[in-house]
Amino acid sequence: MRRRVFALLIPYLALIGLYWGSRALVIETRAVEVILSAGASASAFTYLVALMFVVGRLGVALVLPGLICRSIWLEYWAAKRPG
Amino acid sequence: MSDRLKQVIIRGVGWLLVVAGMWLIPHRVCMREASRWYAGEPELQGRLASGVEEWIDGSMSSSDFNTGSDLFDGEWLFGTYMMAGLGYGQMALEHPETRDDSLKVMERCIDGMLLKSTRDFDTLSWGDDALSSLSSVRAHHGAYLGYMNIVLSMHRLLDTESRFAKLNDEITESLCRRIRASPTLLLATYPTQVFPVDNCAVVGSIGLYDRATGDDHRELLSQWVDRCKSRYVDRETGLLIQRVSLSGKPYDQPRGSGTALGLYFISFADIDFSRELYSSLKSELATTCLGFGGVREYPRGRNAGMGDIDSGPIVFGFGFSATGFALAGARLHGDRDYHRRLVASAHLVGDPHDRASGRVYLSGGPVGNALLFALLTARPIDEGMTLPVEPTSREVF
């Protein structure tokens with residue numbers, strides 16, 4: 001059971017980790033601001049940080065609540081399944 | 084029911100729950116501060132003010148901006164000082180207990196706007212200095228002087244003994260003379276470029292000047308507003324045309340960013356015209372998506388351009404600038420419901436980061452934070468003029 005819960009949480013924890021990690025980098029490098037203003041002249045590293053931040057932010061703020069609802073629903077039915 | 088069918092239904096419901104979760108939860112989380120912003124809570128405004136003050140007190144220069152164009156870097160530096168100054172002025176008006184502190188920062192903003200290095204973007208474009216050629220009507224310097232004057236007039240409104248009073252008088256007099264001398268009643272931003280939105284700032288600065296000094300330019304302002312409604316507002320949509328030629332003919336489409344910002348600045352001179360523009364913006368461009376407010380840059384059915392430095396990124400038709408600028412109109416005109424949705428969008432995209440020294444919106448940088456500060460603290464310059472506008476936003480998914 002513990003292993004199952006852990007496996008279930010890993011993708012969500014990874015998403016949250018991606019967001020907070022990239023957020024810390026954005027605070028240091030102002031990467032999103034640089035992309036918004038500089039566009040093509042920004043470095044590849046800046047693009048990577050900004051991309052991780054955008055994916056993490058949208059993932060955590062927009063998609064995560066729905067995914068958690070889905071997981072709870074599926075787990076409920078899995079628990080009811082015999083065996 | 085077979086096991087297989089049952090599994091398909093369970094999985095289908097699972098994905099429906101993902102959609103329902105996206106639809107019902109995120110915007111509510113992101114709009115949790117919206118009521119406080121709408122009510123003008125001093126603690127919240129003060130937090131953002133402190134964050135903006137850090138930019139103002141730092142050694143900002145145009146090299147802090149990375150637009151790839153010296154002109155736009157200069158504009159953004161100037162715009163950071165200008166919108167921050169306006170934000171501090173609005174905060175002082177709404178919370179008189181912050182007046183003394185706000186005035187000090189506002190003066191640092193004005194000093195920043197007056198620096199030669201900050202004026203360079205305008206000087207290089209026109210070939211002469213805006214402040215040394217105030218007696219001329221040849222070079223308009225419409226944007227630099229208009230935006231500068233709006234902050235000077237706001238400062239004068241708060242401090243009748245303003246040390247910038249003489250400059251405020253001279254610029255206002257110069258702007259009025261140039262408007263009267265212009266066949267289109269418009270001032271050019273740069274030698275061949277005329278933007279009605281920048282002229283809304285010019286006219287708003289004169290309206291604010293009249294409030295501060297008791298002077299009377301009502302005839303000129305009324306003439307300008309009539310001309311703007313008949314020539315520079317799109318008849319079909321009621322939106323402000325983004326750019327016109329030197330002879331006043333449309334050179335671009337009516338757009339969200341120009342209309343949303345223009346209605347904010349013109350509110351300082353004519354709140355009724357501002358309300359008309361806001362109503363058009365609501366009916367033509369304002370929508371919601373997953374509960375978040377979004378303002379389109381281009382009207383539906385028009386050839387949507389790729390956007391530009393003014394519109395910011397355009398995603399699925401929604402303009403980042405248009406959506407942010409509309410925050411001011413929603414609060415100015417008492418549209419509480421849409422204001423909440425726009426605050427939710429600003430929260431989602433801006434990602435506020437609170438630290439001991441104040442709040443910073445991570446995606447904004449200096450100009451984005453200064454803009455948000457001014458737009459979130461926008462209020463009717465005369466309380467009591469505001470009337471609630473019924474929400475007409477369309478739900479799109």
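Residue numbers (this note's numbering), protein chains in the order written: chain A, 1 to 83; chain B, 84 to 480.
No residue lacks a Cβ here, since even glycine has one placed at the ideal position from N, Cα and C.
- Under the rule that a run must span 4 or more residues, the alpha helix (DSSP H) segments found entirely inside the stretch 259 to 314 of chain B read 279 to 296 and 301 to 310.
- With a threshold of 7 Å between beta carbons, Gly56/A makes no contact with chain B.
- The count of Cβ pairs closer than 8 Å, one atom from the stretch 95 to 113 of chain B and one from the stretch 156 to 164 of chain B, stays below three, leaving the stretches out of contact.
- Tyr164/B: member of the alpha helix (DSSP H) spanning Asp153 to Glu177, first to last residue.
- As the crow flies, the alpha-carbon of Leu454/B is around 20 Å from that of Ala352/B.
- Boundaries for Phe204/B: no beta strand (DSSP E) harbours it, while the alpha helix (DSSP H) harbouring it runs Lys199 to Trp209, taken from the DSSP string.
- For Val101/B, the nearest beta carbon of chain A is closer than 7 Å to its own beta carbon.
- DSSP, reduced to helix, strand and coil, places Thr371/B within a strand of the structure shown.
- DSSP places His436/B inside the beta strand (DSSP E), whose first and last residues are Pro435 to Arg438.
- A straight-line Cα-Cα distance of about 8 Å links Arg310/B and Leu268/B.
- Judged by DSSP secondary structure, Gly59/A falls outside any alpha helix (DSSP H); it is assigned neither H nor E.
- The CB of Asp434/B comes closer than 9 Å to the CB of Arg23, Val26, Val32, Phe53, Arg57 and Ala61 in chain A, given here in chain order.
- Proximity to Tyr421/B across Thr150/B, Trp120/B and Glu136/B peaks at Trp120/B, based on C-alpha coordinates.
- Boundaries of the beta strand (DSSP E) around Arg442/B: Gly441 to Tyr444.
- When Tyr227/B, Ser118/B, Ala427/B and Leu360/B are compared, the shortest CA-CA separation from His416/B is found for Leu360/B.
- For Gly441/B, no Cβ of chain A is located within less than 7 Å of the residue's own Cβ.
- Rounded to whole angstroms, the gap between the alpha carbons of Gly331/B and Val316/B is 11 Å.
- The Cβ neighbour count for Pro382/B, taken over all protein chains shown within 10 Å, is at least 16; the residue is labelled buried.
- Looking at the DSSP output, Phe401/B sits in a beta bridge with Arg379/B and Val398/B.
- Excluding its 5 nearest sequence neighbours in each direction, Thr342/B has C-beta neighbours in its own chain below 6 Å: Leu322, Leu323, Leu360 and Leu364, listed in chain order.
- Against chain A, the CB of Ser330/B has no partner CB under 7 Å away; the residue lies outside that interface.
- Spanning the alpha carbons of Val308/B and Phe356/B requires a straight line of approximately 8 Å.
- The beta carbon of Ala271/B sits closer than 8 Å to the beta carbons of His223, Gly225, Val277 and Leu329 from its chain, once the five residues preceding and following it are set aside; these are given in chain order.
- For Ile349/B, the uninterrupted alpha helix (DSSP H) segment begins and ends at Gly339 to Ile349.
- C-alpha of Leu373/B to C-alpha of Arg81/A: approximately 34 Å in a straight line.
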